[in-house]
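A.B. asks:
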Amino acid sequence: MKRIFISCFAVFTLYSCAELQQVLNEFPDTGSVINNADIAAALQQALNQGIDKQVTKLTQTDGFFKNELVKIMLPAELQKVDKGLRDIGLSNLADEGLKVLNRAAEDAVKEATPIFVDAVKGITFNDVQNILMGDKNAATSYLTDKTQMALYDKFKPVINQSFAKVGADDIWSNLISRYNAIPFTNNVNPDLTDYVTNEALKGVYTMIAVEEEEIRNKISSRSTDLMRKVFALQDKK
Numbered sequence: 001m002k003r004i005f006i007s008c009f010a011v012f013t014l015y016s017c018a019e020l021q022q023v024l025n026e027f028p029d030t031g032s033v034i035n036n037a038d039i040a041a042a043l044q045q046a047l048n049q050g051i052d053k054q055v056t057k058l059t060q061t062d063g064f065f066k067n068e069l070v071k072i073m074l075p076a077e078l079q080k081v082d083k084g085l086r087d088i089g090l091s092n093l094a095d096e097g098l099k100v101l102n103r104a105a106e107d108a109v110k111e112a113t114p115i116f117v118d119a120v121k122g123i124t125f126n127d128v129q130n131i132l133m134g135d136k137n138a139a140t141s142y143l144t145d146k147t148q149m150a151l152y153d154k155f156k157p158v159i160n161q162s163f164a165k166v167g168a169d170d171i172w173s174n175l176i177s178r179y180n181a182i183p184f185t186n187n188v189n190p191d192l193t194d195y196v197t198n199e200a201l202k203g204v205y206t207m208i209a210v211e212e213e214e215i216r217n218k219i220s221s222r223s224t225d226l227m228r229k230v231f232a233l234q235d236k237k
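Following full-length UniProt numbering from start to finish, the sequence shown increments by one per residue and tops out at 237.
1. CB valine 55 to CB threonine 140, shorter than 8 Å?
2. Where does the unbroken alpha helix (DSSP H) through methionine 149 begin, and where does it stop?
3. Glutamine 60 and glutamate 106 - do their beta-carbons sit closer together than 8 Å?
4. Which of the three DSSP states, helix, strand or coil, is assigned to phenylalanine 65?
5. How far does the alpha helix (DSSP H) with aspartate 135 in it extend, from its first residue to its last?
6. Quick check: what's the CA-CA separation for serine 220 versus glutamate 214?
7. In whole angstroms, what is the alpha-carbon distance linking phenylalanine 163 and threonine 193?
8. DSSP state of glycine 203, grouped into three classes?
9. Of all the options Gly63, Val70, Gly84 and Ser91, which has the alpha carbon lying nearest to the alpha carbon of proline 183?
10. Work out the CA separation of tyrosine 142 and valine 204 for me, nearest whole Å.
11. Helix or strand or just coil, what does DSSP make of alanine 105?
12. Distance, Cα to Cα, alanine 41 vs alanine 138?
13. For serine 91, which residues of its own chain have a beta-carbon under 8 Å away from its beta-carbon, when the five flanking residues on both sides are left out?
14. Should isoleucine 88 be labelled buried (16 or more other beta-carbon atoms within 10 Å of its own) or exposed?
15. Please report how far the alpha carbon of aspartate 145 lies from the alpha carbon of glutamate 96, in whole angstroms.
16. Looking at the structure shown, is serine 223 part of a helix, part of a strand, or coil, going by DSSP?
17. Please work out which residues of its chain come closer than 6 Å, Cβ to Cβ, to leucine 101, disregarding the five sequence neighbours upstream and downstream, and give them in chain order.
18. Contact check, valine 120 vs glutamine 44 under 8 Å by CB: the rounded distance?
19. Closest to isoleucine 115 by CA distance: which of Ile51, Ala76 and Leu132 is it?
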């Protein structure tokens with residue numbers, strides 16, 4: 001039975017050549033060869049699948065607000081605002097305050113795709129080593145390292161603009177003013193832009209990780225022949 005050949009250089013560096021050889025010995029014959037370029041292409045396909053299937057969802061109305069995995073809640077110092085308003089019958093106002101935070105994140109994520117595309121195109125053979133045989137979130141970690149700073153810089157002004165567009169400034173001014181008017185409370189006046197920007201970033205990477213785990217664990221989630229062939233190697237590790 002012919003073995004599929006792959007260079008020891010193309011697999012995660014913690015694996016010795018002997019360990020890799022054992023994986024390949026157990027791998028079924030397909031009559032084809034997997035090379036470095038194939039592995040890089042399969043990983044690019046997997047990352048693009050995560051972006052297309054999961055990140056796109058976040059850009060839709062309620063993409064954050066109705067997704068419990070990524071829904072943006074109030075920062076700790078404002079949770080008392082939410083509770084205080086609900087305690088006096090202003091739940092609708094509190095809900096509206098949460099909604100505008102999530103709407104801003106949905107707007108911001110629309111700026112993510114070009115940055116992700118560039119990062120995916122830039123995968124090197126060294127990256128391949130770390131991703132294919134890495135942990136269950138290795139591909140997501142790669143994207144995080146390559147894109148987090150650029151996305152933050154893109155997201156923050158969009159979130160500022162979104163707050164203005166949906167009237168978040170007015171809503172939060174009203175919400176906090178009503179809270180501050182409650183007797184025996186300490187006044188608060190937080191700047192939410194940085195908080196929402198970071199929460200939006202967390203949401204994006206959370207959803208990419210969801211898709212990565214699906215691809216790693218379920219053959220049915222590997223949407224191309226090349227992905228099925230290459231990820232079968234990590235099944236054997």
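Positions of the beta carbon are idealized from the N, C-alpha and C atoms, including for glycine.
C.D. replies: On the basis of the supplied data:
1. Going by C-beta atoms, valine 55 is not nearer than 8 Å to threonine 140.
2. Membership of methionine 149 in the alpha helix (DSSP H) is indicated by the continuous run 138–165.
3. Taking 8 Å as the Cβ cut-off, glutamate 106 and glutamine 60 qualify as a contacting pair.
4. In the structure shown, phenylalanine 65 sits in coil (DSSP, three-state: anything other than H, G, I, E or B).
5. It is not in any alpha helix (DSSP H) - aspartate 135 carries neither H nor E in the DSSP assignment.
6. Distance from the CA atom of serine 220 to the CA atom of glutamate 214, rounded to whole angstroms, is 9 Å.
7. Computed Cα separation, rounded: 9 Å.
8. Glycine 203 falls in the helix class under three-state DSSP.
9. Ranking the options by Cα distance to proline 183, first place goes to Gly84.
10. If I take the Cα positions, the gap works out to 13 Å.
11. Of the three classes helix, strand and coil, the one that applies to alanine 105 here is helix, per DSSP.
12. Straight through space, the alpha carbons of alanine 138 and alanine 41 are spaced by roughly 16 Å.
13. These residues qualify, in order along the chain: Leu85.
14. Its Cβ having fewer than 16 others within 10 Å, isoleucine 88 is exposed.
15. Between aspartate 145 and glutamate 96, the C-alpha separation is close to 34 Å.
16. In the displayed model, serine 223 falls within coil according to three-state DSSP, outside both helix and strand.
17. For leucine 101, where only same-chain residues beyond five positions count, the Cβ hits under 6 Å are Ile72 and Val196.
18. Right, the Cβ-Cβ distance comes to about 5 Å (below 8 Å), so this counts as a contact.
19. That would be Ile51, whose Cα lies nearest to the Cα of isoleucine 115.
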